[in-house]
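Novice: Structure below; questions to follow.
In mature numbering (1 follows the signal peptide of the UniProt record, and there is no 0), the protein residues as written are -20 to -1, 1 to 318.
Below you can see the structure in the form of structure tokens.
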């Protein structure tokens, strides 16, 4: 019995030791906070965060969370540390979010933002106290961590991502005490080596979208085999080798945007291209259109056969880089050599 009692006392002591409540008082003379961590031995622990009125000692906000991650500075918890988007973010933020000149609260409620990042509930200051705002809270839940506030331009910005190669950046203004999106930028590089960029902007009535597709020919794994420019339309014809596996064709316009590329899909079909050694041409077909690139003596260019008509785009020899025969230097999966 004595052994059981001693064991229970030891367990209770350890359990009590693992719990801790930290006072946070570095952000306001009018308010202070308390952070309760259920298990300080864990990186993420259950707990709660509460805000108190300094004068009345009354609790005015309390948020419970399944996962809180608390950093201490000389044993103290601090508010208003905000290293965006992936750095440390305090569990309590005290800033003006709706640009009315009065500071509001952002209270962490767990790790619900992108990639298990910190998420927050937003409470806006009002004449009758701090009111929960679902609209502002969405900005601190659906993106990556807490949002950024630009007081000079009175804008809020957020970002989110999916893997290494897709990012989205958005900007908001505040209208009628709610955030309103005015700009969304998406940068999509999932279709390597192509980059799809789109931008939506509020023109006062609606969101207007502009988009473009580009390619960086000096990316690792991309080797230009043959290229030239066409004087009549200022377009650039490029054949490039992708990771020493496949041949690709891309037509780049005068604004450096991709007008057309082939194969259409990243997954190749054999054969996508046919190389004719005798005539030094390479041919491919997209639907009912046949393309033939030629490199003969001092003549370079591309012929396009569509709808019973043949169009000949003559290339400028001074812009020529590489030669068609370089296609055979490295065996490529989607090229048949005749």
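Each residue gets a CB set at the ideal place from its N, CA and C atoms; glycine is no exception. These numbers come from a predicted model, not from an experiment.
For a test of the three-state rule: what should DSSP assign to residue 114, helix, strand or coil?
Specialist: Taking the chain shown and counting its residues from 1, one reaches residue 114 at position 134. In this structure, DSSP gives residue 114 a helical state, which the three-state scheme calls helix.
Novice: To which residues does DSSP link residue 86 through a beta bridge?
Specialist: Translated into the one-based positions of the chain shown, residue 86 becomes position 106. DSSP, once it has assigned bridges, lists 73, 102 as partnering residue 86.
Novice: Who are the Cβ neighbours of residue 187 in its own chain at under 6 angstroms, not counting the five residues just before and after it?
Specialist: The residue given as residue 187 occupies position 207 in the chain shown. Correct list, in chain order: 180.
Novice: Taking all protein chains shown into account, decide if residue 66 is buried (16 or more other Cβ within 10 angstroms of its Cβ) or exposed.
Specialist: Taking the chain shown and counting its residues from 1, the one referred to as residue 66 is at position 86. With fewer than 16 Cβ atoms within 10 Å of its Cβ, residue 66 is classed as exposed.
Novice: What would DSSP say about residue 52, mapped onto helix, strand or coil?
Specialist: If you number the chain shown from 1, residue 52 lands on position 72. The answer is coil: DSSP assigns residue 52 none of H, G, I, E or B.
Novice: Which whole runs of the beta strand (DSSP E) in the segment 213 to 239 are 3 residues long or more, in chain order?
Specialist: Annotation: the segment 213 to 239 contains the following complete segments of the beta strand (DSSP E) (minimum length 3 residues), in chain order: 215 to 222, 226 to 232.
Novice: Go ahead and label residue 315 buried or exposed: buried means 16 or more other beta carbons lie within 10 angstroms of its beta carbon, across all protein chains shown.
Specialist: Against the chain shown, residue 315 aligns to sequence position 335. Buried, by the Cβ-count rule.
Novice: Whole angstroms is fine: what's the gap from residue 165's alpha carbon to residue 34's?
Specialist: Here the question's residue 165 lines up with position 185 in the chain shown. Here the question's residue 34 lines up with position 54 in the chain shown. Their backbone Cα atoms lie some 43 angstroms apart in a straight line.
Novice: Using the Cα positions of residue 132 and residue 163, report the straight-line distance between them to the nearest angstrom.
Specialist: In the chain shown, the residue the question calls residue 132 occupies position 152. In the chain shown, the residue the question calls residue 163 occupies position 183. In a straight line, the C-alpha of residue 132 is about 17 angstroms away from that of residue 163.
Novice: According to DSSP, which residues form a beta bridge with residue 263?
Specialist: Position 283 of the chain shown, counting from 1, holds the residue named residue 263. Answer is 254, 272.
Novice: Let me check one thing: in DSSP terms, what residues is residue 147 bridge-paired to?
Specialist: Residue numbering aside, residue 147 sits at position 167 when the chain shown is read from its first letter. Partner(s): 141, 167.
Novice: Tell me which residues share the same chain as residue 298 and place their Cβ nearer than 8 angstroms to its Cβ, disregarding the 5 neighbours each side in the sequence.
Specialist: Indexing the chain shown from 1 puts residue 298 at position 318. Excluding positions up to five away in sequence, the list is empty.
Novice: DSSP state of residue 204, grouped into three classes?
Specialist: Here residue 204 refers to the residue found at position 224 of the chain shown. In the displayed model, residue 204 falls within a strand according to three-state DSSP.
Novice: Using only CA atoms, which one of 260, 95, 36, 236 lies nearest to residue 387?
Specialist: Outside the shown range of the chain (-20 to 318) lies residue 387, about which nothing can therefore be said.
Novice: Using the Cβ count rule (16 or more neighbours within 10 Å means buried), how would you classify residue 114?
Specialist: Position 134 of the chain shown holds residue 114. By the 10 Å Cβ count, residue 114 comes out exposed.
Novice: Could you give the DSSP three-state label for residue 33: helix, strand or coil?
Specialist: As a position in the chain shown, residue 33 is number 53, starting the count at 1. Note: residue 33 maps to strand in three-state DSSP.
Novice: Would the beta-carbon of residue 45 fall within 9 angstroms of that of residue 29?
Specialist: Translated into the one-based positions of the chain shown, residue 45 becomes position 65. Translated into the one-based positions of the chain shown, residue 29 becomes position 49. The beta carbons of residue 45 and residue 29 sit closer together than 9 angstroms.
Novice: Can you tell me which residues form a DSSP beta bridge with residue 159?
Specialist: Position 179 of the chain shown, counting from 1, holds the residue named residue 159. Looking at the DSSP assignment, residue 159 forms a beta bridge with 154.
Novice: Do residue 16 and residue -2 have their CB atoms nearer than 9 angstroms?
Specialist: Against the chain shown, residue 16 aligns to sequence position 36. Against the chain shown, residue -2 aligns to sequence position 19. Their beta carbons are under 9 angstroms apart, which means residue 16 touches residue -2 by this criterion.
Novice: With 16 as the cutoff for other CB atoms within 10 Å, does residue 108 come out buried or exposed?
Specialist: Locating residue 108 in the chain shown gives position 128, counting from the first residue. With fewer than 16 Cβ atoms within 10 Å of its Cβ, residue 108 is classed as exposed.
Novice: Which residues bound the beta strand (DSSP E) around residue 179?
Specialist: Taking the chain shown and counting its residues from 1, the one referred to as residue 179 is at position 199. Counting along the chain, residue 179 sits inside the beta strand (DSSP E) bounded by residues 174 to 182.
Novice: Hey, could you find the ends of the beta strand (DSSP E) residue 66 is sitting in?
Specialist: As a working mapping, residue 66 is identified with position 86 in the chain shown. Counting along the chain, residue 66 falls outside any beta strand (DSSP E), and DSSP gives it neither H nor E.
Novice: Buried or exposed: residue 257, going by 16 or more other Cβ atoms within 10 Å of its Cβ?
Specialist: On the chain shown, residue 257 is found 277 positions in, with the first residue counted as 1. The residue is exposed, with fewer than 16 neighbouring Cβ atoms inside 10 Å.
Novice: Indicate the three-state DSSP secondary structure (helix, strand or coil) for residue 308 in the structure shown.
Specialist: The sequence position of residue 308 within the chain shown is 328, counting from 1. If DSSP states are grouped into helix, strand and coil, residue 308 belongs with the helices.
Novice: Apart from the five residues just before and just after residue 317, which ones in its own chain have a Cβ nearer than 7 angstroms to its Cβ?
Specialist: As a working note, residue 317 is residue 337 in the chain shown. If we look at residue 317 and ignore the five residues flanking it on each side, its Cβ neighbours are 255, 257, 308.
Novice: Report yes or no: do three or more beta-carbon pairs, one from the segment 168 to 177 and one from the segment 149 to 158, lie closer than 8 angstroms?
Specialist: no
Novice: Output the distance between the C-alpha atoms of residue 269 and residue 178, rounded to the nearest integer angstrom.
Specialist: Within the chain shown, numbered from 1, the residue matching residue 269 stands at position 289. Within the chain shown, numbered from 1, the residue matching residue 178 stands at position 198. Using only the alpha carbons, I get a separation of about 28 angstroms.
Novice: Would the segment 182 to 198 and the segment 260 to 268 be scored as touching if the rule is three or more Cβ pairs under 8 angstroms?
Specialist: Under the 8 angstroms Cβ criterion, the segment 182 to 198 does not count as touching the segment 260 to 268, having fewer than three qualifying pairs.
Novice: Taking the alpha-carbon of residue 271 as reference, which of 277, 146, 296, 241 has the nearest alpha-carbon?
Specialist: Within the chain shown, the letter at position 291 stands for residue 271. That would be 241, whose Cα lies nearest to the Cα of residue 271.
Novice: Less than 7 angstroms between C-beta atoms, sequence neighbours within five positions excluded: which residues of the same chain meet that for residue -11?
Specialist: Along the chain shown, one-based indexing puts residue -11 at 10. With a pLDDT of 45 at residue -11, under the threshold of 50, the modelled position of that residue is not reliable, and no figure is offered here.
Novice: I'd like to confirm the pairing. Which residues does DSSP put opposite residue 315 in its beta bridges?
Specialist: Within the chain shown, the letter at position 335 stands for residue 315. Looking at the DSSP assignment, residue 315 forms a beta bridge with 253.
Novice: Leaving out the 5 sequence neighbours to the left and right, which residues in its chain are closer than 6 angstroms to residue 243 when beta-carbon positions are compared?
Specialist: In the chain shown, residue 243 corresponds to position 263, counting from 1. Correct list, in chain order: 252.
Novice: In the DSSP output, which residue or residues are listed as bridge partners for residue 187?
Specialist: Within the chain shown, residue 187 is the residue found at index 207, counting from 1. Residue 187 is bridged to 182.
Novice: Using a Cβ-Cβ cutoff of less than 7 angstroms, which residues in the same chain neighbour residue 223 once the five nearest sequence positions on both sides are dropped?
Specialist: As a working mapping, residue 223 is identified with position 243 in the chain shown. Correct list, in chain order: 201.
Novice: Using alpha carbons as the reference points, say which of 19, 39, 59, 230 lies closest to residue 5.
Specialist: As a position in the chain shown, residue 5 is number 25, starting the count at 1. Out of 19, 39, 59, 230, 59 has the C-alpha closest to the C-alpha of residue 5.
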